[in-house]
Structures are given as C-alpha cells and as structure tokens.
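Beneath this line is the structure, given in structure tokens, with notes to follow.
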Ligand code: SF4
Ligand code: SF4
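Residue numbers (my numbering): 101 to 294.
Quick look at the structure:
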C-alpha cells in the first residue's frame, strides 16, 4: 500500500517536472521570437564590418621593394617573396624600381589575419583588407600569388562569391568593379554600399 502511494507521487512529480521544463524552454523561445534579428541575408544584404576587421590582404605590388620585413614579422612564415635584384623606392613617383618582383605570395592555409605583416612595411604597400571570403576548390588556390594579380592591375583576388553574384546583386557588382579597378579597400567605407 505504502509503495504504491510512493510510486503515484513519483509519477506526478515526473509530470510536473516535464511541464516545468517545457514552460522554461517555451519562455526562452518566446523571448528570442521577439528579439531583434541579428542575422542577415548575405550576400543580398551587405555585412557591416567591425572598424578594425582584418580581411584578405590588399597588396600594392608597384610599391613593394621586396625588403622581406613583412615576411620576417609573420609569425607563421606564410609570406613568400622573391626578386631578381634589389629594389628601392623612386622618390619622384613613389613606385619601386630596380629588380623585378618575381614573387609575392601569401598562403591563406596558414595566415591567421594577425596584421603583423602590415606594421613594418616601409612603403605602406601591404594592408589588411575587408574581403572575408577566400573559398576555393583546391589547396593551391589558397596560396594567393599577389605579384601575378598586380600584373593584372589587381590588389586582391576577386572572391568566388563576387564572381557568382555580381550580375544579380548591385553592391556585389560594385565591389567586384572596385577590385577590378585596383582600388585599395582598408575601411568599411571603401566597400561600395547597396
Ligand atoms: S596577417 Fe599575420 S599570419 Fe597573415 S601573413 Fe600577415 S603576419 Fe602572417
Ligand atoms: S615589408 Fe612592404 S615593401 Fe617590404 S616586402 Fe613586405 S610588402 Fe614589400
């Protein structure tokens, strides 16, 4: 008799606990139902970057004197530089002269976007940009050959998402055109709006 009463009480206690936990869960769910939306429909809506956001580099190949200061500052050794002979800055034009810049590449499999490479640059030609998307199909594509981009007049790669969405989203089209014009973007204001 005593044991059946204990079992009955346990049964109702379990039901009470179940309803209590459902109500607690529903209260949390309802709270978020009426909270402001924090996600956006990217890429249809443009991302707002934090003021000091560090994205894929913008590199001005014509100003680089291949001094290796950035590569030496890099904590993960992911900057590769080669030149045919010493380079120096022409004081009249502000451009690099002398030997040819044979290679300036960054391996984004290793880069951690710390920005340390930008600080010692004597010609201010390597910048942290505002592009965040470096999706690719191969590991090789994660190594960006910036000197080759420079030969095409680009400072940074055109992201895949820009290639794919430019014709249907105005701000992406404008951003793609900005990259293709070789304009450096180091602040959010440099990225074209909607
Ligand atoms: S951001 Fe940091 S990890 Fe990336 S290349 Fe520059 S120094 Fe190296
Ligand atoms: S520190 Fe500047 S000038 Fe020197 S190699 Fe790096 S990017 Fe070029």
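For every residue, glycine included, the Cβ atom is placed at its ideal position computed from N, Cα and C.
- Per DSSP, reduced to three states, the secondary structure at residue 269 is coil, with no helix or strand assignment.
- Ranked by Cα distance from residue 252, the options 281, 145, 185 and 197 are led by 281.
- Here residue 152 is exposed, its C-beta having fewer than 16 other C-beta atoms within 10 Å.
- Excluding residues up to 5 positions away in sequence, 146, 292, 293 and 294 lie with their Cβ nearer than 7 Å to the Cβ of residue 271 in the same chain.
- Contact between residue 244 and residue 210 does not hold, since their C-beta atoms are separated by about 12 Å, which reaches or exceeds 8 Å.
- Cα atoms of residue 269 and residue 144: separation of roughly 6 Å, rounded to the nearest angstrom.
- Looking at the backbone, the Cα of residue 264 and that of residue 247 are separated by about 24 Å.
- Partner residues in the beta bridge of residue 204, as assigned by DSSP, are 181.
- For residue 115, the secondary structure class from DSSP, reduced to helix, strand or coil, is helix.
- Residue 221 has its Cβ no nearer than 7 Å to any heavy atom of ligand 1.
- Remark: the C-beta of residue 206 is outside contact range of ligand 2, defined as less than 7 Å to any heavy atom.
- Segment contact: the region 231–239 against the region 194–206, fewer than three CB-CB distances shorter than 8 Å; contact not assigned.
- When C-beta atoms of the region 208–226 are compared with those of the region 166–176, three or more pairs fall below 8 Å, so the two segments count as touching.
- Residue 246: member of the alpha helix (DSSP H) spanning 246–251, first to last residue.
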